[in-house]
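Right, here's the structure in full:
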């Protein structure tokens, strides 16, 4: 079955990197801001969202994650947070916001692919 | 001549005499009238109040003698004080103790009668005595008279000591009062119920009361719930100070640190409290906590900023190593890696720069006179690589005095603001750079203004412009580290200057840097 993955990332280079890392796993949808991300979560109903934590302009991926998980229509969607904040407290904050997985930048594209595949298979 | 033996308690006797503080004091009519009376009543030429010191006898009062003191070995009185009661020498020529005494051999003295003077504790400190140049005898009535005179002198000695002690106490008290009036700590004395009995000016000032304005107030009014800390019979002044809250007369609160000493006064419990206003210490602690928090946040942000380009470098290089891409895509990915690696180097350099400037402080600056025109010329030459210098319009007031600045650091600061203006404005707009000399706060300052007609900033963005890694209005793909303005501000402030920013979204931004002119301009 074809899976759908939404990548929410404000930096062009990293959006490309995540896309290349995950493109073998399914159909990729892109968003470059929190608002666009939320809109596409609802419209596209992806199976997995990879979410940058610092989305620029003060927007937080954690808020997007909470919004996804608190809406019954989207709560089932798997969320993988990608963040350059690597402290234990950052990871905990991410999991508390409802994320299914947390990956710290810099990351290996292969590891990201494996983590995403595991979430899609679950 | 036989010198008198010493009494067994001589050391004690001498100390009592010295403590009376009567030796070598000025003549005193209270004593003189007694010696005058003695001379008249006994019909003798000489009457003395003699105090026997360690190696002399000193006359507190004297009739018929000009000497103020004589050696103790010539003293009749030194013998007289050896026992209670009167000592009479009817004819000194007949007494082996005194026959060769200079009073006898040189002054023709023959008769001596002395009665010991008792200090308040009974020590025999000297005598009242009458002397004559003819031999005499004393009948019982005369002996009683001399004893009465001795009692009168002893009373005067006691009165003298009392007056002296009072004077000493008064001085002591004024010294304590002076101390209480001037120490910075507030001192309060409270009764058992917690009512203020007295306070010093520091306490009154601390609580915003007038002179004496704390007396009668309740501890609860001054310390709220913490009054219980004050009125603690178990408290110990040597315990560490307690923290609490004070309340001024006007109702405002302030943090205090206090020592409490319970004590017994006139059979009732009292409390002495020493109170310090620790507002400043609290503010200092808060400031250092804020600094610590800022540093922690800065570290977190710096780590985040370094990881982001590393994610691209590591990620794309791994993809290139593990997968096959067509030539065009490969080239695109290598290009990203190169760009992000450059960004990483920029970040590291700027972070090191900032750290060096912060750590070096003013000592890290090589301040000297710097010509404004030269400085701007060098700055623009450094910016030439951006290919935008044709947009810069330079307008310098003629005859500008030199700046007091580190030329390299100042060039770096100006580069940061001019390149921002270039970056955040349209390619068809100008960037106006001008400089003028102006008096500000009675000092000659040079104002360098960089104004663009670019995107400008909102007040919110302006408020954060100097935050490290903050990039107002920049899309994530615009080149920049977010440290330029932080470094700029640091350099300007180290030079004793400051910057004004005016900005409006859509209209542009103008930064004016105020810097001190070199002192030896002319």
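Chains as they are written, first to last, in this note's numbering: chain A, 13 to 134; chain B, 3 to 524.
Note that the Cβ used here is the ideal one computed from N, Cα and C, for glycine as well.
Going by C-alpha to C-alpha distance, which of the options sits closest to residue i?
i: residue 399 (chain B); options: B:265, B:438, B:426 and B:171; result: B:438
i: residue 355 (chain B); options: B:410, B:228 and B:383; result: B:410
i: residue 365 (chain B); options: B:352, B:493 and B:266; result: B:493
i: residue 111 (chain A); options: A:85, A:73, A:52 and A:121; result: A:73
i: residue 141 (chain B); options: B:99, B:92 and B:281; result: B:92
i: residue 19 (chain A); options: A:55, A:64, A:115 and A:85; result: A:64
i: residue 56 (chain A); options: A:123, A:40 and A:30; result: A:40
i: residue 12 (chain B); options: B:127, B:358, B:452 and B:284; result: B:127
i: residue 390 (chain B); options: B:67, B:426 and B:326; result: B:426
i: residue 496 (chain B); options: B:374, B:363 and B:506; result: B:363
i: residue 109 (chain B); options: B:501, B:136, B:84 and B:131; result: B:136
i: residue 131 (chain A); options: A:30, A:99, A:38 and A:92; result: A:92
i: residue 385 (chain B); options: B:419, B:353, B:361 and B:403; result: B:419
i: residue 368 (chain B); options: B:376, B:375, B:359 and B:374; result: B:359
i: residue 436 (chain B); options: B:444, B:463, B:450 and B:429; result: B:450
i: residue 200 (chain B); options: B:64, B:129, B:176 and B:273; result: B:273
i: residue 208 (chain B); options: B:193, B:167, B:239 and B:252; result: B:252
i: residue 456 (chain B); options: B:429, B:70 and B:270; result: B:429
i: residue 532 (chain B); options: B:470, B:286 and B:268; result: Any question about residue 532 (chain B) goes unanswered here, given that chain B covers just 3 to 524.
i: residue 223 (chain B); options: B:240, B:192 and B:322; result: B:192
i: residue 121 (chain B); options: B:131, B:77, B:169 and B:54; result: B:54
i: residue 133 (chain B); options: B:49, B:198 and B:70; result: B:49
Locate the alpha helix (DSSP H) running through residue i, then write down its first and last residues.
i: residue 409 (chain B); result: 409 to 425
i: residue 297 (chain B); result: 281 to 324
i: residue 140 (chain B); result: Residue 140 (chain B) -> no alpha helix (DSSP H), and no H or E assigned at all.
i: residue 459 (chain B); result: Where residue 459 (chain B) is concerned, there is no enclosing alpha helix (DSSP H), given that its DSSP letter is neither H nor E.
Tell me the rounded alpha-carbon separation between residue i and residue j.
i: residue 173 (chain B); j: residue 517 (chain B); result: 58 Å
i: residue 524 (chain B); j: residue 296 (chain B); result: Bear in mind that a pLDDT of 43 at residue 524 (chain B), under 50, signals an unreliable position, so the number given afterwards is only what the model happens to contain. About 44 Å.
i: residue 2 (chain B); j: residue 258 (chain B); result: Chain B is shown from 3 up to 524; residue 2 (chain B) falls before or after that span and cannot be answered.
i: residue 344 (chain B); j: residue 279 (chain B); result: 54 Å
i: residue 230 (chain B); j: residue 482 (chain B); result: 59 Å
i: residue 414 (chain B); j: residue 381 (chain B); result: 8 Å
i: residue 87 (chain B); j: residue 113 (chain B); result: 17 Å
i: residue 118 (chain B); j: residue 28 (chain B); result: 22 Å
i: residue 351 (chain B); j: residue 421 (chain B); result: 17 Å
i: residue 133 (chain A); j: residue 107 (chain A); result: 19 Å
i: residue 196 (chain B); j: residue 233 (chain B); result: 7 Å
i: residue 35 (chain B); j: residue 62 (chain B); result: 12 Å
i: residue 43 (chain A); j: residue 50 (chain A); result: 9 Å
i: residue 83 (chain A); j: residue 378 (chain B); result: 58 Å
i: residue 216 (chain B); j: residue 282 (chain B); result: 23 Å
i: residue 101 (chain B); j: residue 153 (chain B); result: 30 Å
i: residue 29 (chain A); j: residue 318 (chain B); result: 7 Å
i: residue 114 (chain A); j: residue 66 (chain A); result: 13 Å
i: residue 47 (chain B); j: residue 41 (chain B); result: 6 Å
i: residue 144 (chain B); j: residue 106 (chain B); result: 23 Å
i: residue 120 (chain A); j: residue 36 (chain A); result: 15 Å
i: residue 104 (chain B); j: residue 75 (chain B); result: 10 Å
i: residue 397 (chain B); j: residue 434 (chain B); result: 8 Å
i: residue 83 (chain B); j: residue 268 (chain B); result: 42 Å
i: residue 338 (chain B); j: residue 324 (chain B); result: 17 Å
How is the beta strand (DSSP E) around residue i delimited, first residue to last?
i: residue 59 (chain B); result: 58 to 65
i: residue 16 (chain A); result: 16 to 20
i: residue 486 (chain B); result: Premise fails: residue 486 (chain B) lies in the alpha helix (DSSP H), 486 to 496, not in any beta strand (DSSP E).
i: residue 116 (chain B); result: 113 to 120
i: residue 72 (chain B); result: 71 to 73
i: residue 6 (chain A); result: Since the first residue shown for chain A is 13 and the last is 134, residue 6 (chain A) is missing from the structure and cannot be characterised.
i: residue 500 (chain B); result: 500 to 506
i: residue 331 (chain B); result: Unbroken run through residue 331 (chain B) is the alpha helix (DSSP H), 329 to 362; no beta strand (DSSP E).
i: residue 256 (chain B); result: 255 to 267
Check the C-beta distance from residue i over to residue j and give it rounded, since I have them as a contact under 8 Å.
i: residue 95 (chain A); j: residue 117 (chain A); result: 6 Å
i: residue 459 (chain B); j: residue 417 (chain B); result: Contact doesn't hold; Cβ gap of about 20 Å is too wide.
i: residue 473 (chain B); j: residue 432 (chain B); result: Going by Cβ atoms, the distance from residue 473 (chain B) to residue 432 (chain B) rounds to 23 Å, so no, they are not a contact pair.
i: residue 374 (chain B); j: residue 402 (chain B); result: 5 Å
i: residue 276 (chain B); j: residue 261 (chain B); result: 4 Å
i: residue 404 (chain B); j: residue 519 (chain B); result: 7 Å
i: residue 6 (chain B); j: residue 115 (chain B); result: Actually they do not touch by this definition, with Cβ atoms about 16 Å apart.
Just by C-beta distance, which residues in the segment 67 to 97 of chain A are closer than 7 Å to chain B? 68, 96 and 97
May I ask you to list, following chain order, the residues of the segment 309 to 320 of chain B that have a beta carbon less than 7 Å from some beta carbon of chain A? 309, 310, 312, 313, 314, 316, 317, 318 and 320
In chain order, what residues of the segment 329 to 344 of chain B put their CB closer than 7 Å to some CB of chain A? 338 and 342
Residues from the segment 38 to 65 of chain A in contact with chain B, defined by Cβ distance under 7 Å: none
In the segment 286 to 299 of chain B, which residues sit with their C-beta less than 7 Å from some C-beta in chain A, listed in chain order? Identification of residues in the segment 286 to 299 of chain B having a C-beta nearer than 7 Å to some C-beta of chain A yields an empty set.
Closer than 8 Å, Cβ to any Cβ of chain B: which residues of the segment 13 to 29 of chain A, in chain order? Those would be 22, 23, 24, 25, 26, 28 and 29, in chain order.
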